[in-house]
Amino acid sequence: MNTADQALVKKMNKALILEQIIANAPVSRAKLSEITGLNKSTVSSQVSSLLQRDIIFETGRGQSSGGRRPVMLKFNRKAGYAIGADIGTNYIIVVLTDLEGEIIEQYERELDETDIPATEQALIELIGLATLKMPDSHYGLTGIGVCVPGLVDNDRNIVFTPNKPIHLLQMKSLLEKAYNVPVFVENEANAGAIGEREYGHSGHLEHAIFVSINAGIGLGILMNGKLFRGVQGFSGEAGHMSIDMNGPLCRCGNKGCWELYASERAVFSPYLSHTKAPLYQTVKELADHGDQKMLETFETFGFYIGVGLVNIIRTLNPETIILRNTIVESYPAIVDSIKKTISSRSKKEALTDYRLNISSLGRTASSLGVSYIVIERFLERFIDEQF
4 MNTADQALVK KMNKALILEQ IIANAPVSRA KLSEITGLNK STVSSQVSSL LQRDIIFETG
64 RGQSSGGRRP VMLKFNRKAG YAIGADIGTN YIIVVLTDLE GEIIEQYERE LDETDIPATE
124 QALIELIGLA TLKMPDSHYG LTGIGVCVPG LVDNDRNIVF TPNKPIHLLQ MKSLLEKAYN
184 VPVFVENEAN AGAIGEREYG HSGHLEHAIF VSINAGIGLG ILMNGKLFRG VQGFSGEAGH
244 MSIDMNGPLC RCGNKGCWEL YASERAVFSP YLSHTKAPLY QTVKELADHG DQKMLETFET
304 FGFYIGVGLV NIIRTLNPET IILRNTIVES YPAIVDSIKK TISSRSKKEA LTDYRLNISS
364 LGRTASSLGV SYIVIERFLE RFIDEQF
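Residue 4 is where the sequence shown starts when you use my numbering, and the numbers rise one by one after that.
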């Protein structure tokens, strides 16, 4: 075996051992040898290397199965930190996490939909606050992830954000220059799907759809547990499928788009002009007081979401659909309306089995997902010995 092959094998062994420590901790060297099929000397060598680089640590001794009690190993979740930022049309959420996705700090701010300079300023300020709260660690800030509601290509360039021109901001270069760390960009719904897959409570997600409903609607599509991006990276823009061929013109250039009927902006627009309070707060006050018009609006919201989901179910045949919307998460009656609409528009024989779940991560789904991307890339670079 030549030197290049030996280096590749060592790298693969290190990746496998670290993966199994993360998945099975606390775990002993002997157990790692058993799980991975690697001999004990290889495991011992790679574990020593990981210990020296502070990415794992020894926790003490475990239970003995005869003989000396084994020394147990754990992943060092505090070896470094990641920042995930979710920039919406009218909000920004920034989370600081450890290397297992545990949120250390979380910041949120409402945004003016038309004020791009204020959006850029909020991003800089909130990431700055997160870095100030970051504990001391061996690797410090490992990277920053940013997700946006719009087209992000396979090279992670923001091509177009139809509901707000976020694509005009030079976020990646700005943040790389400011913090000298890798910056990763992702579509907001794709990030949400990753967040739910890694940290959510919907179980193992093989064939799943993450439906993000805010000012617009986007899908994150998981096939065989992996994100489906399409040829250019633009998959999941289901908010811009027509549900009315003669409907109004959308900002994307199409007519009768789903999000013109089923987004928060479309359904709750009458309430946006009456108050400067956040939409959710206005909705909550009216709904909690039994406002009949608001309850009827919930029914309409569920109906139009259901109309689009019928097309999604028929086209992609998912096992699980995860809905991410603050209002839907708070009022189960909307989910009942969604299910009723889907059933009413599908023959019993044609309606495939599916689970309709509410996002367990809520507003942090996408920021956690893009933070996971940072962590994943950090560990890849770590295995490649770029640290």
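All residues carry an ideal CB built from backbone N, CA and C; glycine is no exception.
Of the listed residues the options, nearest to residue i (C-alpha basis)
i	options	result
I86	L132, T318, L208, S363	L132
G242	T300, G259, I220	I220
N320	Q295, A18, T355	T355
L222	V162, Q295, S369	S369
S140	S340, T100, N190	T100
S31	I341, F304, R268, T62	T62
K287	V331, R327, Y264	V331
S272	M297, G250, E388	M297
I345	P335, Y357, S238	Y357
G239	E262, P251, G256, G250	E262
Q23	K34, K14, K13	K34
F60	K43, L76, A125	L76
L126	M137, D118, A88, P138	A88
E299	K279, K43, Y334	Y334
E322	L364, F213, P73	F213
I361	V151, K342, K175	K342
S44	P281, K13, R56, Y283	K13
T134	L178, R380, L11, I25	L178
N183	Y142, R200, K167	Y142
V270	M15, A181, I308, A280	I308
R200	L364, K167, D158	L364
Within 7 Å, strictly: CB atoms of residue i and residue j
i	j	result
L230	A211	no
P120	R254	no
I107	A82	no
G236	D156	yes
V188	V162	no
K17	Q66	no
N186	I246	For the record, residue 186 in the displayed sequence is Val; it is not Asn. The answer is no: Cβ separation not under 7 Å.
F301	I337	yes
S205	R327	no
E209	G233	no
Y264	G104	no
E123	L171	no
F78	A28	yes
Sequence-distant residues of its chain with Cβ nearer than 6 Å to residue i (five each side left out)
i	result
I378	A85, L102
L359	I324
R317	none
R348	V313
D8	none
N42	none
M244	W261
A290	M297
Three-state secondary structure (DSSP) of residue i
i	result
F237	coil
K351	coil
G250	coil
R317	helix
G365	helix
R296	Here residue 296 turns out to be Lys, not Arg, going by the sequence shown. Note: K296 maps to helix in three-state DSSP.
E116	coil
K77	strand
N360	strand
E103	coil
G242	helix
V184	coil
K136	coil
G148	strand
N257	coil
R327	strand
K34	helix
Contacting residues, own chain, Cβ-Cβ under 8 Å from residue i (five flanking each side not counted)
i	result
M248	K258, G259
S47	R32
L252	K258
Rounded Cβ spacing between residue i and residue j (contact assumed at less than 8 Å)
i	j	result
L144	V97	The Cβ separation is near 13 Å, so there is no contact.
N217	G91	6 Å
G146	Y375	With a Cβ gap of about 11 Å, G146 and Y375 do not count as contacting.
I386	L21	7 Å
Y94	R112	7 Å
G372	G153	Contact flag wrong, Cβ pair sits at about 16 Å.
T329	Q109	15 Å between Cβ atoms; not a contact.
Beta-carbon contacts of residue i that lie in its chain and below 7 Å, excluding the five residues immediately before and after
i	result
L19	T39
R268	A218
G293	none
A192	F213, S215, G221, L222, G223, G239
S36	N42, K43, V46
G250	K258, G259, L263
Residue-level contact to chain C via CB, residue i, 7 Å cutoff
i	result
P185	Within the model displayed, chain C is absent; a lone protein chain is all it includes.
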